[in-house]
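Straight run, no breaks: the sequence shown in the UniProt record's numbering ends on number 241.
In this text, a Cβ means the ideal position worked out from N, Cα and C, and glycines have one as well.
Worksheet: the structure to be examined is printed underneath.
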Amino acid sequence: ARAGVIVVAAGSGQRLGHGIPKARVLCAGRTLLEHALESVIASGVAGAVVVVLPAGDPVLSAVVAEAALRSVYPTSITAVAGGATRAASVRAGLAALPPTVGVVLVHDAARAITPPAVFQRVAALVSAGASAVIPVLPVVDTIKVVEDGIVTATPDRALLRAVQTPQGFDADALRAAHAGDAAGDATITDDAMLMEASGVPVRVVEGDALAFKVTTPFDLVVAEAVLAAGVA
Ligand code: C5P
Numbered sequence: 010a011r012a013g014v015i016v017v018a019a020g021s022g023q024r025l026g027h028g029i030p031k032a033r034v035l036c037a038g039r040t041l042l043e044h045a046l047e048s049v050i051a052s053g054v055a056g057a058v059v060v061v062l063p064a065g066d067p068v069l070s071a072v073v074a075e076a077a078l079r080s081v082y083p084t085s086i087t088a089v090a091g092g093a094t095r096a097a098s099v100r101a102g103l104a105a106l107p108p109t110v111g112v113v114l115v116h117d118a119a120r121a122i123t124p125p126a127v128f129q130r131v132a133a134l135v136s137a138g139a140s141a142v143i144p145v146l147p148v149v150d151t152i153k154v155v156e157d158g159i160v161t162a163t164p165d166r167a168l169l170r171a172v173q174t175p176q177g178f179d180a181d182a183l184r185a186a187h188a189g190d191a192a193g194d195a196t197i198t199d200d201a202m203l204m205e206a207s208g209v210p211v212r213v214v215e216g217d218a219l220a221f222k223v224t225t226p227f228d229l230v231v232a233e234a235v236l237a238a239g240v241a
């Protein structure tokens, strides 16, 4: 069965400095949301796609409406309004997915040029029975813990991984985690962390350098260069 895919795009994108929601920022002539949806569709894993948007955004609503018109069975694409935090936006997306969906992928629209193969790797492992699956990359920098300007620890780099999206989950496990005690915890930054807090084992698959989050103007330049070079 195909996965339900929640694409969260309701962030304000202040770090990009464009003064508009990040998903609306143009990259090689198209919005970041259009790029993200193209990857989702090209992966072939998506059944119901729910795009979570800033409330009342006419540009992004039109992007989703156009993608919905072009979508072919069995893929459907709809939009819902997001919440004040990423977790609240994911919950809005979850509520809008058909209750019959067994596998849910949660993807950041900001990871706009994520290769379709990453969606396929994540979806395959969840479909094979894993409750929670995240794409990761090794960390190339040495990472320090810093408190009040002083380094207090250096975790063993070999144990560290940088985490990307799409993150994949058994739908019932994700719904339970989002209904649980940890759901309102503001220090929880992704869905996998919520699953960890619920005691659910989280497995990893290989991520991809192209699944980076477009956060700064530098990232936008990189994404445009990648698209121009035809690497993505
Ligand atoms: O802010 P951050 O880069 O962590 O956002 C990651 C993703 O979560 C982005 O795609 C953003 O649009 C989305 N988000 C959301 N609702 C929020 C905050 C972030 O959908 N309230």
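* **Boundaries of the alpha helix (DSSP H) in which P107 is found, first to last residue** => From DSSP, P107 is part of no alpha helix (DSSP H); its letter is neither H nor E.
* Going by beta carbon distance, what residues of the same chain come within less than 8 angstroms of V240, once the five residues before and after it are set aside? -> Within the same chain, Cβ atoms closer than 8 angstroms to the Cβ of V240 are found at L219, the five residues on either side in sequence being excluded.
* Asked: Between the C-alpha atoms of L233 and K31, what's the straight-line distance to the nearest angstrom?
  -> One detail in the question is off: residue 233 reads as Glu in this sequence, not Leu. For E233 and K31, the distance between alpha carbons rounds to 15 angstroms.
* **Per-residue burial, D157 [other beta carbons within 10 Å of its own, 16 or more giving buried]** => exposed
* What residue range is occupied by the uninterrupted beta strand (DSSP E) comprising R170? -> 170-172
* Asked: Between which two residues does the beta strand (DSSP E) harbouring R212 extend?
  -> Counting along the chain, the beta strand (DSSP E) containing R212 begins and ends at 212-215.
* For P164, which residues from the same chain have a beta carbon less than 8 angstroms from its beta carbon, with the 5 sequence-adjacent residues on both sides left out? -> I152, V154
* Jot down the residue ranges of each uninterrupted beta strand (DSSP E) in the region 121-157, minimum 3 residues, whole runs only, in chain order. => 141-147, 154-156
* Residue closest to V99, alpha-carbon to alpha-carbon, out of F221, V16, R11 -> V16
* To do: Could you say which of S48, L69, P175 lies nearest to I29 if we only look at CA atoms?
  => L69
* What residue does the beta strand (DSSP E) around F178 start on, and which one ends it? -> 176-179
* Asked: Under 8 angstroms from any heavy atom of the ligand C5P, does the C-beta of D117 make it?
  -> yes
* **N-terminal and C-terminal residue of the alpha helix (DSSP H) that D228 is part of** => 226-238
* Asked: Are G22 and R33 close, meaning C-beta to C-beta below 9 angstroms?
  -> In this structure, R33 lies closer than 9 angstroms to G22 by Cβ.
* Rounded straight-line distance, which links the Cα of V145 to that of A171 -> 5 angstroms
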